[in-house]
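Which chain is which? The protein sequence lines are A and B, in order. Using the working numbering, you'd call the opening residue of the first sequence number 30 and step up by one each time. Using the working numbering, you'd call the opening residue of the second sequence number 25 and step up by one each time.
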Amino acid sequence: EAQVTQNPRYLITVTGKKLTVTCSQNMNHEYMSWYRQDPGLGLRQIYYSMNVEVTDKGDVPEGYKVSRKEKRNFPLILESPSPNQTSLYFCASSLRNRGTEAFFGQGTRLTVV
Amino acid sequence: AQSVTQLDSQVPVFEEAPVELRCNYSSSVSVYLFWYVQYPNQGLQLLLKYLSGSTLVKGINGFEAEFNKSQTSFHLRKPSVHISDTAEYFCAVSALTGANNLFFGTGTRLTVIP
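Dropping the structure here:
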């Protein structure tokens, strides 16, 4: 089954404690992306990757890091989480051709206290 | 740069009534247009998209949308809604050139009332 898998689904952490949210896709997609979803703001792009070892900033990259060492994986790293990073996070993947469908993971609800 | 406006944050509608969810966009370049749906506690999934050709596009679950270039709109419609259509709906655009990034509106929560 074609899917994008994120882990964990729920996470509560403390300010400053480094964390990683994993994302893996099994569709051999070149393009992967991370979004955060906040009430009244919709989805905003954090980082994206056009292919292995190629990443770039989205609209809200501050406080986040990513890496793309393998085609299937695109982890999101918060080196020093802060309460304003409490949000619902989605990973997505698609073919690199423009206009193609993006496939989304189930989401990770992160709370930073 | 692209931006998407969904004027209605919440739309309540009775079961079997028609519904229209509005979407307007702004872009300095030509764009592709999408509607995604998010059911409770799930990720987003594609409802329909407009790339080119006929301005009326049909999607899954009986939804359709019409692209209007002069009004820069891409409104989503369904002639008769079901309880199972209760969800959040996002309009999105991506440019024909440059990175394959999606820009989303703020979403419209559709609540179908029995």
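Note that beta-carbon positions come from the ideal geometry of N, C-alpha and C, so glycine has one too. This one's a predicted model, so the numbers in the text were calculated from it and none came from an experiment.
With respect to the 7 angstroms criterion, PHE128 (chain B) and GLY71 (chain A) are classified as neighbours on the basis of their beta carbons.
Taking 7 angstroms as the cut-off, the beta carbon of THR129 (chain A) is found closer than this to the beta carbon of SER123 (chain A). Shown here for PRO103 (chain B): same chain residues with a beta carbon closer than 6 angstroms to its own, the five before and five after excluded, namely PRO42 in chain order. Of all C-beta pairs linking the stretch 83–103 of chain B to the stretch 78–94 of chain A, fewer than three are shorter than 8 angstroms, placing the two stretches out of contact. Secondary structure at ASP32 (chain B): coil, using DSSP grouped into helix, strand and coil. Judged by beta-carbon spacing, THR44 (chain A) lies within the 7 angstroms limit of SER111 (chain A), meaning their Cβ atoms are closer than that value. Pairing ILE106 (chain A) with THR110 (chain B), the inter-Cα distance amounts to about 33 angstroms.
Within the stretch 117–137 of chain B, the residues whose Cβ lies closer than 9 angstroms to some Cβ of chain A are SER118, ALA119, LEU120, THR121, GLY122, ALA123, ASN124, ASN125, LEU126, PHE127, PHE128, GLY129, THR130, GLY131, listed in chain order. Approximately 18 angstroms separates the beta-carbon atoms of LEU80 (chain B) and TYR113 (chain B); this is outside 8 angstroms, ruling out the contact. Listed in chain order, the non-local C-beta contacts of TYR63 (chain B) below 7 angstroms within the same chain comprise ALA111, local neighbours out to five positions each way being set aside.
Annotated three-state conformation of ASN92 (chain B) is strand, per DSSP. With a 10 Å radius around the Cβ and a threshold of 16 neighbouring Cβ atoms, THR121 (chain B) comes out exposed. In this structure, the beta-carbon distance from ASP88 (chain A) to TYR77 (chain A) does not fall below 7 angstroms.
Across the set A:MET61, A:PRO37, A:ARG65, the C-alpha of A:ARG65 shows the shortest separation from the C-alpha of ASN113 (chain A). Per DSSP, the beta bridge partners of ILE106 (chain A) are A:THR49, A:LYS94. Counted as a single uninterrupted DSSP element, the beta strand (DSSP E) harbouring TYR64 (chain A) occupies residues 60–67.
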